[in-house]
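Here is the structure we will look at, set down as structure tokens.
Numbering (the UniProt record's numbering), first residue to last: 1 to 355.
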């Protein structure tokens, strides 16, 4: 998204909607989206100062309206001007106004780094994992000692110690397993049938937070996500209703994932089709049984739909390796695929003399 900039004759609204679609495809958080949008507007930091400090998308959209009104009367730069835009000339003006523009962090308000690189983000919750009560007491002692050394304060009313079951960030964590919290599940079940695109976005945002619990989430939700495309008329027909109810049902079945354990055996299962692809990360438990750690799925683009089965399988494996990099790096694992052509490719001996 860093390479996406506002085009010369593109309105602010069109530019924001295009960036929002890119952020949605890449599962980007709101603060990062706002940061990329601001950086992509070809104007000086002084003029764009009104856009800084937004904590939500609605607030940012309101400030965009104010910013656009200001520039409709500005003589220095007009994003919607009918005059021919000269990017070379604009770049020269930008260098004169801000020789070394520094990014502003929206988390801590300091300059010099982006919010995605911020190390000063406020921590509202900390989870310390332990093996048993004795290990938990040792870790708790170190935590309290660190808190005392740095003059920090803890709200004891919000603290829980030596618990075998906790609710954290919308998840229930218990006995090495993780599942959606009851509040989130009830919210999905009580969600009314969408009557507008905005309501579809809200529903997909709610269920998308738990997409790692649902196999082939992207394919199941495709009839709904297609409604978010530009120039698409809103129609909530039988196909959309079926996807809506299926997502509700899958989350109501109390899906469970196992927490990742270091050094345990891993398997990466992949599968691809014309309209989408997915992967499942499995890990072997102490009883030699494999349990699900994470589901991944994506829909194919119009260009990817034209890929051969071999190309789709390779694309799936590449995307899965990117998604599960934090789990797989430094570990041995097996890739399980039904693509015989890919299996033959991996079994070939490479002649390094010809490389």
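Even for Gly, the Cβ is constructed at its ideal location relative to N, Cα and C. Note that the coordinates shown come from a computational prediction; the quantities given were computed from them, not determined experimentally.
{"Check": "Across the region 299-316 and the region 267-277, are there enough close Cβ pairs to call them in contact, namely three or more that are closer than 8 Å?", "Outcome": "yes"}
{"Check": "Across the region 207-223 and the region 169-183, are there enough close Cβ pairs to call them in contact, namely three or more that are closer than 8 Å?", "Outcome": "yes"}
{"Check": "List, from N- to C-terminal side, the alpha helix (DSSP H) runs of 4 residues or more that fit wholly inside the region 11-39.", "Outcome": "12-25"}
{"Check": "Here's a check: name, in chain order, each residue in its chain whose Cβ is nearer than 6 Å to the Cβ of residue 15, leaving out the five neighbours to either side.", "Outcome": "6"}
{"Check": "Would you mind sorting residue 216 into buried or exposed? The rule is 16 or more other CB atoms within 10 Å of its CB.", "Outcome": "buried"}
{"Check": "Taking just the CA atoms, how far does residue 17 sit from residue 235?", "Outcome": "20 Å"}
{"Check": "Excluding the 5 residues flanking residue 334 on each side, which residues of the same chain have their C-beta closer than 6 Å to its C-beta?", "Outcome": "267"}
{"Check": "Please return the same chain residues whose Cβ sits closer than 8 Å to the Cβ of residue 24, not counting the five positions on each side in sequence.", "Outcome": "228"}
{"Check": "Work out the CA separation of residue 64 and residue 32 for me, nearest whole Å.", "Outcome": "16 Å"}
{"Check": "In whole angstroms, what separates the C-alpha of residue 251 from that of residue 193?", "Outcome": "16 Å"}
{"Check": "How should residue 276 be labelled, buried or exposed, when 16 other C-beta atoms within 10 angstroms of its C-beta is the threshold for buried?", "Outcome": "buried"}
{"Check": "Quick check: what's the CA-CA separation for residue 167 versus residue 173?", "Outcome": "6 Å"}
{"Check": "Counting along the chain, where does the beta strand (DSSP E) carrying residue 359 start and finish?", "Outcome": "Lying before the first or after the last residue shown, residue 359 is absent from the chain, which here runs from 1 to 355."}
{"Check": "Cβ of residue 170 within 8 Å of Cβ of residue 184?", "Outcome": "yes"}
{"Check": "Would the beta-carbon of residue 40 fall within 8 Å of that of residue 13?", "Outcome": "no"}
{"Check": "Which ranges would you report for the alpha helix (DSSP H) in the region 286-339 if only whole runs of at least 4 residues count?", "Outcome": "309-323, 325-328"}
{"Check": "From what residue to what residue does the alpha helix (DSSP H) around residue 241 run?", "Outcome": "238-252"}
{"Check": "Could you tell me if residue 339 is buried or exposed, where buried requires 16 or more neighbouring beta carbons within 10 angstroms of its beta carbon?", "Outcome": "buried"}
{"Check": "Please report the straight-line C-alpha distance between residue 366 and residue 294, rounded to a whole angstrom.", "Outcome": "The displayed coordinates of the chain run from 1 to 355. Any statement about residue 366 would go beyond what the structure contains."}
{"Check": "Please work out which residues of its chain come closer than 8 Å, Cβ to Cβ, to residue 336, disregarding the five sequence neighbours upstream and downstream, and give them in chain order.", "Outcome": "267, 268, 269, 270"}
{"Check": "Could you have a look at residue 185 and say whether DSSP puts it in helix, strand or coil?", "Outcome": "helix"}
{"Check": "Starting from residue 165, follow its DSSP beta bridges and name the residues at the other end.", "Outcome": "174"}
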